[in-house]
Each structure stands twice: as structure tokens, then as C-alpha cells.
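Before any comments, here is the structure.
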Amino acid sequence: MSRAIAFIICLCCSLFFACSSEDSSSTIEAPQNSQVETERVAEDLVEIDEEQSPEVPDNSPSTTPEIQEQTLEPSGIIRTATEVIDASDLGGGILLPLGAAPLPDSFTEVELLIAGDATSYAPLASLTADGFWTFEEDTQQPYKIRVIVRYPPAELFSGVVVSEWMNVTAGVDNSVDWAFLSEEIGREGHAFIGISAQLVGIMGRDTGRIPGGLIDTRGLPTRDPIRYGDLTHPGDEYSFDIFTQASLAASNWLNELYGTERNRLIAVGQSQSAGYLTSYINAIDPIVRVFDGYLIHGRGDGAPNPTLDERLSSVLIREDVDVPVLIFETETDLNVLQYADARQGDTENIRTWEVAGAAHSDTYSLAYPNGLPRQASLGAVIGCENLINDGPQHETLQAAFHQLNNWIATGDAPNSSPRILLEDSEELIIARDDMGIALGGVRTPPVTVPLRILSGDPVATEGFCFLFGDTTELSAETLVSMYGSLDLYVEQLKDAAAESVAKGWLLEVDADIMIEEETQRAISLGLTN
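Take -4 as the starting number for the sequence shown in the working numbering and just add one per residue.
This is the structure:
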């Protein structure tokens, strides 16, 4: 499927966010730190249900600093993939996941087929909400999955590999964080690997959550048997080890391609995938110690038990995690997905950003990566009656990843950031000022010097519109009363952008783009001198 076709399908659907062999027992030493319906759907973003786990069928050079040495002692072994195949000459080409934003200049895209024997994990004690879990290896099953690799030329490679646990809420793979982070990945020269870690991403499911068959949720082997016919997945209880093995196999493939060792391997995942990574950190990371850091993007309060026999709620990330973890949350994640019930304080290796004015999904996730302008009216395409959120998630997420990478490399943690205020912690109601803007949190120019009111609160209830927040436009008269003139507004805008950059919440390059975009918006809304 071409990127253009994939994008058109995404716009038409109701859920873009969520659009030579070795012996199989071979191991390696662990490397060093290298409302009813709405509530049901919200829970589906972080839990495993029968639909998501169907019965398994038979058969410019980077400026990133160098990493500091750290010593981690894993409690277990790491199994290796036994087969890595470049699929470039097979079948009809890559069946791209949703979220397939354009490649950065000079980047190459390759699909690898990776096989091996994966282990499941079993708990040694009851699982507690504090995340201090103890697991051991359990059963083993064979797997063969696909991994999409996007990488720069050798002279631009930063040494950083970003590994995304692709989201399968829509019934197919969705590389959400590639869409949000591809600009930062491209300009820094990082490599990216998108992993079909879960069963649905490989084998599909009979019925998707998208009405009318707008997304083909059949499994990859059915859709292209020549390319994918021998892919197999033993079930989501094996997805944790599959993610480990595939991340290592693909990054080692890059090592061979470049003739050099990677410096950092960073795991990322959004929404449902962020829930899985939460469980991975708590249960699997102490065993294998593969990743140098984690970006947990837009999780709710839950996390799937790696044995898949229950969904746990109000789960924290274990405070003794040995590598940096940055938790990134929007307004929607706090209340609709109930992350507020799993809030935790900052520790030596945990930081949380709660971004005011941002929603779980927004105009950027619909259009901007595909070269279309941000327009809150785009919500109409997916059936939303309101103007959907047009907030600063993309820009702040790129800054968050940049900060995380620097933290891993230098040991300098980002400053703690303020949390979004709640006026009612029981009902998870966000406190707002007289204009309706959230109080507290990570703040950026669209919130500090607003031209419209941005909210992550659910307004529309059609389909999945409750996850796209809201935008309320301000009249020209209101803007004149607030700012007086265009020049005075731009002066405040630049001051707000400089403050966000100084606090690390925006990168300077994105702040400059934001200033230009917001200035043009002010002009289009009728603000003059």
C-alpha cells in the first residue's frame, strides 16, 4: 500500500492513532545498557481483549553527545533471533502500517523478516500496582514477524536507534511515534525500527473496529502470501520477548550495514503500546537489560499482565528502573484514559511531562506528517462534529525525545516539570482558567498566548472523536482586546517561545516554526497593526 493510499484510508476511518540460521536455543550475554461505549473503547487502548488476541492459526552529522558507560546486571539471558531476511525482493512490496509519515531526506526504508523462538514469562509473586514485579521465563514458541527499518546514510548516522512497539488498536500496525518523531529522527540522523510485536499486527483479526471495511484487517500472510506467507505469531504473551529479539536483530543488522556499533537503543510506544512498554519495564527490563531508555507516550492507568490473564489498573513504573524513562501525557490521557490514577513522582530515572492544551490524538496525527496543513476542521473527515484539537503535542514530543536522548547520553536529567492541575481528583476533572485553558503542566505558546482555546477534554462522542479533544476559535474582537495589535501579539509570542525553549519544552527549530505558523494564524484571524 502506498503512503498516499494509506493516508486516505486513515482519513476515512475513525481511528488513525491507535492509521543463515543458528540453533534456536542460542543465547548471548546481555549487552551493557546499550460513557459506556466510550469507556469500553478507552479501556481497549491499554488492555488485551479477545478481539486483539484471536486464536493463533496453525500452521548533517548528529550533534548528539556520546553515551556514558553504565553497568547493568541482567537477571536472565537474551535469546537471539535465528533468521533475519531482507524482504525487498519478495512479493508486492511493504504493506505499510498506519502512521507512515514521509521518509526524511536521504533516508532508506527496508523491511526485514525476523524469526526465532520466543519465550513467555510467568510471575513469581503477586503483581502489585507499584510495578515491582518479578518474572521468569516460561514456555517457548517459534515466531516470524516483520520489522520496518528506516535509516540515514552512514555519514549522518548518530549511533541512536529508535525502536517502536507498533500500536494495533485499529486492527493493523500503526507506527504512531514514527509519525510524531520522524522530523527529529531525520534531522538528528537516528535510525528507526518499527516492530510488529503483537499477534494482530501479523495475523490480523476477523473484524476490525473500523466500520465499513475501510481498513483491511486481514493478516499479512493473507494480504500478500508471497512476501508474508510464512509469518507466524504465537500470541501476545510472547510479544515481550519478540520485541526484545527483534529490536536487537534489527539494530545489529544496522551495525553490520554501517560497520559500527550503535550507541543507544531507545524504546518508544504510544497509547496501547505505551501500556505494554509499562509492563515491559516492570517485568522484562530487569531480566534482559536491552534498552538504554524508554519514551512512554500517552498511556492510561493500566498495563497488561505479561501472562495476559488479567488487566491491571493504576500501575506505576517501578521506581528502581535503572535507565531513563520519560512519561509523556496529554490532557486526554489524564482524564479519559485515567492516567491521573497512575501518576507518580519523579525519581532519579523517571520524569513525567503533562502537556497542557494537547489531546491523545489531534490534527497533526491526521494530516501534518502527510504534507497537509493543520486544520481543526479536519475532524469532519472522521465524523467529528466539533473542531478537533490543534495543539502542540508534536513539537513537545520531539523535545521530550531529544531531552531523553541527551539524558541517556550525558546523565543530565531534564528538570522536573509541573503537573496539570485537577479540580476534582475523584472525577479526574482538569482545572481550567476563565478562558477554559488547563492550569499547570508543560506550557507552550499556543497555551500561553492563545489564539484559540485548546483542550483534550472529550467533546464529541462519535466514533473515536472523544480522543481528539477540542479547539474553540476566538473572534478577531477578542484577540484585539487581548493583544491590541499584531506586533504586540508577536512580541508576546516570541517571549513565550523563548521561555519554552529555555525550559526544554520546545526545541529551537520547532519554536521558530511555531512562531511563523502562529503569526500567520493571527493574521488570518484578523489581528492587524
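For glycine and all other residues, C-beta sits at the position ideal for the given N, C-alpha and C. Quick caveat: nothing in here was measured; it's all calculated off a predicted structure.
Ranked by Cα distance from S470, the options D172, G499, G451 and I518 are led by I518.
Counting every other CB atom within 10 Å of its CB across the protein chains shown gives M430 a total below 16, marking it as exposed. No Cβ-Cβ contact shorter than 7 angstroms links L483 with V444. If you keep only unbroken alpha helix (DSSP H) runs of at least 4 residues inside the segment 308 to 338, you get 326 to 330. Taking the Cα of Q135 as reference, the smallest distance to any Cα among S356, G340 and S234 is reached at S234.
Counting every other CB atom within 10 Å of its CB across the protein chains shown gives N410 a total below 16, marking it as exposed. By the criterion of a C-beta distance shorter than 7 angstroms, W173 is surrounded in its chain by G94, A96, E159, F187 and G189, once the five residues flanking it on both sides are discounted. Inter-residue distance for L176 and T129 is about 33 angstroms (C-alpha atoms, whole angstroms). Between T439 and S495, the C-beta spacing is below 7 angstroms. A contact is defined here as three or more CB-CB pairs under 8 angstroms, and the segment 293 to 311 meets this definition with respect to the segment 110 to 130. The beta-carbon separation of L226 and I197, rounded to 5 angstroms, stays under the 8 angstroms limit for a contact. Note: Q487 is not bridge-paired with any residue in the DSSP secondary-structure output.
Rounded to the nearest whole angstrom, the CA to CA distance from C379 to T123 is 39 angstroms. When the five nearest sequence neighbours on each side are left out, the beta carbons in the same chain lying within less than 7 angstroms of the beta carbon of A506 are those of A492, S495 and V496, in order along the chain. Between the segment 440 to 460 and the segment 368 to 385 there are three or more C-beta pairs closer than 8 angstroms, enough to call the two in contact. Shown here for P99: same chain residues with a beta carbon closer than 6 angstroms to its own, the five before and five after excluded, namely G181 in chain order. One Cα belongs to S476, the other to L522, and the distance between them is close to 10 angstroms.
Buried is the label assigned to P92, since at least 16 other Cβ atoms lie within 10 Å of its Cβ.
Sixteen is the threshold: since fewer than 16 other Cβ atoms of the shown chains lie within 10 Å of the Cβ of S101, the residue is exposed. Contact annotation: the segment 420 to 437 does not touch the segment 208 to 222, with fewer than three C-beta pairs closer than 8 angstroms.
Residue state for G374 is assigned as helix, using DSSP reduced to three classes. For V263 and L481, the gap between their C-alpha atoms comes out near 40 angstroms. Setting aside the 5 residues that flank it on each side, A362 is surrounded in the same chain by L6, P368, R369, Q370 and L373, each with a C-beta closer than 8 angstroms to its C-beta; the list follows chain order. Taking N277 as the centre and dropping the five residues before and after it, the same chain places the C-beta of G126, F127, W128, A298, V310, I312 and R313 closer than 8 angstroms to its C-beta, in chain order.
With respect to A408, W348 sits apart: the two C-beta atoms are not nearer than 7 angstroms. Rounded to whole angstroms, the separation of the alpha carbons of A335 and E468 is 28 angstroms. In the three-state reduction of the DSSP assignment, I210 falls in the coil class. The three-state secondary structure of R141, taken from DSSP, is strand.
Cβ-Cβ distances below 7 angstroms link A149 to Y253 in the same chain, with the five nearest sequence neighbours on each side left out; the list follows chain order. In this chain, the beta strand (DSSP E) harbouring F187 covers A186 to I190. G111 and D280 have their C-alpha atoms spaced approximately 20 angstroms apart. Distance from the CA atom of A165 to the CA atom of Y478, rounded to whole angstroms, is 43 angstroms.
Approximately 19 angstroms separates the beta-carbon atoms of L462 and S308; this is outside 8 angstroms, ruling out the contact. For I448, no alpha helix (DSSP H) encloses it; the enclosing beta strand (DSSP E) starts and ends at R447 to S450. By the CB criterion at 7 angstroms, S153 and E183 fall inside the cutoff. Boundaries of the beta strand (DSSP E) harbouring I109: T103 to P118, taken from the DSSP string.
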